[in-house]
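For reference, the structure is listed below as structure tokens.
There are 4 protein chains.
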Amino acid sequence: MSKITKTIKIDDKDLFGENIFRVMAGPCAVESRDQILYTADKLSKLGIEIFRAGTFKPRVDPETYQGAREQGLIWLAEARKDFGLKIITETTDLSNFDLVEEYSDIIQIGAKAMYNPALLTKAGKSSKAVLLKRHFGATVDEYLKMLKYITKEGNNSVILCERGIRTFETSSRFTLDLCGGAVIQERTDFPLVIDPSHSMGHSYGVPKLSRAAVAFGAGGLLIEVHHDPKNALCDSQQALNIDEFAKLYKEMKAIGETMGITVK
Amino acid sequence: MSKITKTIKIDDKDLFGENIFRVMAGPCAVESRDQILYTADKLSKLGIEIFRAGTFKPRVDPETYQGAREQGLIWLAEARKDFGLKIITETTDLSNFDLVEEYSDIIQIGAKAMYNPALLTKAGKSSKAVLLKRHFGATVDEYLKMLKYITKEGNNSVILCERGIRTFETSSRFTLDLCGGAVIQERTDFPLVIDPSHSMGHSYGVPKLSRAAVAFGAGGLLIEVHHDPKNALCDSQQALNIDEFAKLYKEMKAIGETMGITVK
Amino acid sequence: MSKITKTIKIDDKDLFGENIFRVMAGPCAVESRDQILYTADKLSKLGIEIFRAGTFKPRVDPETYQGAREQGLIWLAEARKDFGLKIITETTDLSNFDLVEEYSDIIQIGAKAMYNPALLTKAGKSSKAVLLKRHFGATVDEYLKMLKYITKEGNNSVILCERGIRTFETSSRFTLDLCGGAVIQERTDFPLVIDPSHSMGHSYGVPKLSRAAVAFGAGGLLIEVHHDPKNALCDSQQALNIDEFAKLYKEMKAIGETMGITVK
Amino acid sequence: MSKITKTIKIDDKDLFGENIFRVMAGPCAVESRDQILYTADKLSKLGIEIFRAGTFKPRVDPETYQGAREQGLIWLAEARKDFGLKIITETTDLSNFDLVEEYSDIIQIGAKAMYNPALLTKAGKSSKAVLLKRHFGATVDEYLKMLKYITKEGNNSVILCERGIRTFETSSRFTLDLCGGAVIQERTDFPLVIDPSHSMGHSYGVPKLSRAAVAFGAGGLLIEVHHDPKNALCDSQQALNIDEFAKLYKEMKAIGETMGITVK
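Quick look at the structure:
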């Protein structure tokens, strides 16, 4: 039997925990003030309580879009205030940790930073919740060991995230590892969310994987929603548009209901 | 949008197709007449219509259990007659193809035989339905090309099966590739079933993956159920017992219902 | 310390064994009588004693070239007679085993047939030497277990072959696994040859890997040489032309000499 | 044809370049002053000019040995002064970059830090040479893109290092990817060295891979040598002792000689 999922509170509200499937939605990247406020408005009206968007984007190719950086954080803070949303956004290394910590409700540590012990130690000293993604080349075993760099500093408000591993199969961007997810749930009591967008890499598969995540018994979703995917500055192939997401969100709620799980 | 799943009929009954989630259940291996008749009785009472069990088991290590062979087929035929079940059982190479074809309703071609063109060609000439498993080292692209060895001979009653690929992650037996599954559904209209037992390798993850398969929109399940898993002659770690399966079957039906899918 | 490599004799000649690095060269596929006799002539003049070419080629896509089949074997027999060469050629399944056994000096079992227990059992009953390739999805452990299907029948004239495994890296066709090669040499005393052509998939890397194989201490090479690679019917990107091969052969001999190894 | 390897100078001496195979040897970790001075003495007497040892060791499990840290750098500086060695040692993140830069001749960026853009940017601004290891989950393509984070800042004294990728094969620690190495040499002119110790994980395979690296045409080796491997504080299974290394060094020199390559 998997362990009972521990509760993660933010501002005294239970955001993650047993029988909660928490949906964190929003665009891959902060692109403009208008984009952020428009999307945050739409998603909060659907019922979404945690908004996601990255603003530090030092991607593999230094010649591609690198993010709105500090300005993006200010726009995210505006979305938090205007729509009562919680914000999750990503730190990539020590150089932007303090800013991300200041502006976010959940500090996201991306897959590529999972092996950065100094960054994890820093996150372990924070009073903010932390979402730690599994590196696409990390075994479950290594992932749960790196997690200890956070918890040994006293921060136990950690959300885990399976976002796809790198395998020989290249028709999808990565390979979502639900088997590994089952092992993680067996070995720890931290909530485990799924990232269907980065693993699949094609929007057509995202609703399938998202519904599967609910029925699997995951702790939630980190999902890319863009008001105009074709013109997104990054990861345009994998984002759902708002209508697609609204439909999916309803389907997920119905599945959750049959299982006694609140999807929100 | 994924393609509409084509219908696979056996004896004029629609066993696979759009909005059908077909559960094929039974033990990994035929062990004895009693085991087969007992399990077939229990499963048919739950509502299962297709019974699975392998009787030719030339496993990787030639010094392990090799199966009940022809005798096993006779017992399976008895189960078919007594309980009105359809039988799916595995052929491993040309040496046992004719026998398997004679006794089964669906000829299963296992992962390790996926690259055997002579065997696939032979199956293509059969009037029986064929379930072709994806090899754990095969890309989706290769899998769908090998499929043509069957269809070019005129047999279009083919069921595909994702049963886990081999990756660096070793905490599960294989890595169930639902991303690849989404690609397969996008590219073909053959029903795609999931094997949660072989991919996970630990029974604790099997209900999670099975429920996920329904919500994903797969075409069914090939799942190991044993009346006494601890004493199973093969794959004892991954089989559900009959009570565990009964509970899961009910959960899957409920999930299917919210989606307009009949789980049977 | 690795084990002492056992000697494999053919017609009372030691073709493989300790301190022998055996080069088996020739085209991927038999294309025509002229091609075979021309290439065999050239290679035998360089000193090559074992000629390779496949004539049963049921490749992944059934719509591509499928080989010269029985006719090809007759041309290979002609090359053997004219130039005193030994012949290695591939059987893909039981349907062509007897013919391949009759015409070849070494029966090659390709990677895709490694998991075929009936074929391996048949090869185990043959009096001919067998080269068993490692499947690109097989662990070393599985490979050495499948090997027992041959040896338990009494045939110990087996040559192993590492030809690349399937990994996430797609800039080469496969990933040559020399680490796995070292493990194989530690665990068995069968000669282990390397296939640099299939693993690399690009001719520019083939000389590098081939020289590496000598210095590594492998038991030889299975290498693709074509008189006109650009117009080869299969695997045209990875074959060396005859001049490139002649240069490489000389380099390998020099490296072998410093190590007390005869490259031939 | 692969590109001509560019020359990397340190203190006006050509340490890496066309027809140079550069051996960087030493223990995995700095353990004590005695250990460093003893090993440095022995290796410099053999002819080694670049000494390797890590002193910041925040490994995956935070409860294992974490390194001698700043004290280790002081001992390495002593070894440099006493034996005229160049020093290569590893930075793991921004928290220890400045110290490593100050004390080393070559700044090593380990596999786990390859995806850290802030660290690479910092290294790009240094006047010291940088060795950038390929992450075990990185494609060649990503690796060469991340490299640009260093070179776009103006630092072109970069040495690349293939140290094994993560694959399904677990009998070795990682899988040394020489095919990927050939692609790297085709696409760039930076020297590419091989790490046989981390890839293999067992000392018995290290000489095989090291000799292979010379014959392959690599630009050198980063190899673990320990005066007493059984009692090493980390990676004890994969280090050669000094006698084993001396024997290997001689063999590599002989192979290099036949190819017009200076091994030193």
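Chains as they are written, first to last, in this note's numbering: chain A, 1 to 264; chain B, 265 to 528; chain C, 529 to 792; chain D, 793 to 1056.
Even glycine gets a Cβ: it sits at the ideal position worked out from N, Cα and C.
{"Query": "Are the CB atoms of B/A476 and A/A254 nearer to each other than 8 Å?", "Result": "no"}
{"Query": "Considering Cα atoms alone, identify which of B/V489, B/W339 and B/I458 is closest to B/K511.", "Result": "B/V489"}
{"Query": "Which ranges does the alpha helix (DSSP H) cover as unbroken runs of at least 4 residues, wholly within the segment 641 to 714 of chain C, from first to last along the chain?", "Result": "645 to 652 and 668 to 679"}
{"Query": "Could one say the Cβ of A/F168 lies closer than 8 Å to chain C's Cβ atoms, at least one of them?", "Result": "yes"}
{"Query": "Does chain C have any CB closer than 8 Å to the CB of B/V324?", "Result": "yes"}
{"Query": "Between the Cα of D/T847 and the Cα atoms of D/K1042, D/P854 and D/S824, which residue gives the shortest distance?", "Result": "D/S824"}
{"Query": "Determine the DSSP secondary structure at D/F875, reduced to helix, strand or coil.", "Result": "helix"}
{"Query": "Could you name the residues of chain C that B/K409 contacts, counting a contact when the two beta carbons are closer than 7 Å?", "Result": "V588 and D589"}
{"Query": "Enumerate in chain order the residues of its own chain whose CB-to-CB distance from D/A817 is below 6 Å, with the five nearest sequence positions on each side excluded.", "Result": "L835, I840, I1015 and V1017"}
{"Query": "Beta-carbon within less than 7 Å of C/S699's beta-carbon, same chain only, minus the 5 sequence neighbours each way: which residues are those?", "Result": "none"}
{"Query": "Check whether the Cβ atoms of C/P645 and B/T356 sit closer than 8 Å, and answer yes or no.", "Result": "yes"}
{"Query": "C/F579: which of C/H730, C/F696 and C/A605 sits nearest, CA to CA?", "Result": "C/A605"}
{"Query": "Report yes if the C-beta distance between D/G973 and D/Q1030 is below 8 Å; otherwise report no.", "Result": "no"}
{"Query": "Could you tell me whether the Cβ of D/D885 comes closer than 8 Å to any Cβ of chain A?", "Result": "yes"}
{"Query": "My parser needs the alpha helix (DSSP H) runs of 4 or more residues fully inside the segment 5 to 46 of chain A; what are they?", "Result": "33 to 46"}
{"Query": "For a contact defined as C-beta to C-beta under 8 Å, what are the partners of A/A68 on chain D?", "Result": "Those do not exist, as A/A68 stays about 16 Å from chain D at its closest Cβ, beyond 8 Å."}
{"Query": "I need the straight-line Cα distance from A/E186 to A/K3, nearest angstrom please.", "Result": "6 Å"}
{"Query": "Whole angstroms are fine: how far does the CA of B/D459 sit from the CA of D/P819?", "Result": "47 Å"}
{"Query": "Can you tell me which of the three DSSP states B/Q335 falls into?", "Result": "helix"}
{"Query": "Alpha carbon to alpha carbon, how far is B/D453 from B/E426? Give it in angstroms, no decimals.", "Result": "15 Å"}
{"Query": "Please state whether the Cβ-Cβ distance between A/A129 and A/I159 is less than 8 Å.", "Result": "yes"}
{"Query": "Nearest to B/P455 by alpha carbon, out of B/F361, B/E508 and B/L396?", "Result": "B/L396"}
{"Query": "What first and last residue would you give for the alpha helix (DSSP H) that runs through B/G520?", "Result": "I506 to M523"}
{"Query": "Would you call the segment 64 to 79 of chain A and the segment 884 to 897 of chain D in contact, with 3 or more CB pairs under 8 Å?", "Result": "no"}
{"Query": "Which of the three DSSP states is assigned to C/V742 in this structure?", "Result": "helix"}
{"Query": "Please classify A/V60: does DSSP put it in a helix, a strand, or coil?", "Result": "coil"}
{"Query": "Taking its Cβ as the centre, do 16 or more other Cβ atoms sit within 10 Å of C/T667, making it buried, or is it exposed?", "Result": "buried"}
{"Query": "State the start and end residues of the unbroken alpha helix (DSSP H) segment that holds D/L1013.", "Result": "No alpha helix (DSSP H) holds D/L1013; the beta strand (DSSP E) holding it covers G1012 to E1016."}
{"Query": "Is the beta carbon of A/S199 sitting closer than 8 Å to the one on A/T167?", "Result": "no"}
{"Query": "For B/L456, list the residues DSSP reports as bridge partners.", "Result": "B/L424"}
{"Query": "Please tell me whether B/K412 has its Cβ less than 8 Å away from any Cβ of chain C.", "Result": "yes"}
{"Query": "Under a three-way DSSP split, which group does A/G54 fall into?", "Result": "strand"}
{"Query": "By the DSSP assignment, the beta strand (DSSP E) with A/Q108 in it spans what residues?", "Result": "I106 to I109"}
{"Query": "Determine, using beta carbons only, whether B/K389 and B/E417 come nearer to each other than 8 Å.", "Result": "yes"}
{"Query": "So B/I370 and B/A387 are supposed to be a Cβ contact under 8 Å. How far apart are they, rounded?", "Result": "Not a contact, Cβ separation roughly 11 Å."}
{"Query": "Of the residues that make up the segment 103 to 122 of chain A, which ones have a beta carbon closer than 8 Å to any beta carbon in chain D?", "Result": "K112, A113, Y115, N116, P117, A118 and L119"}
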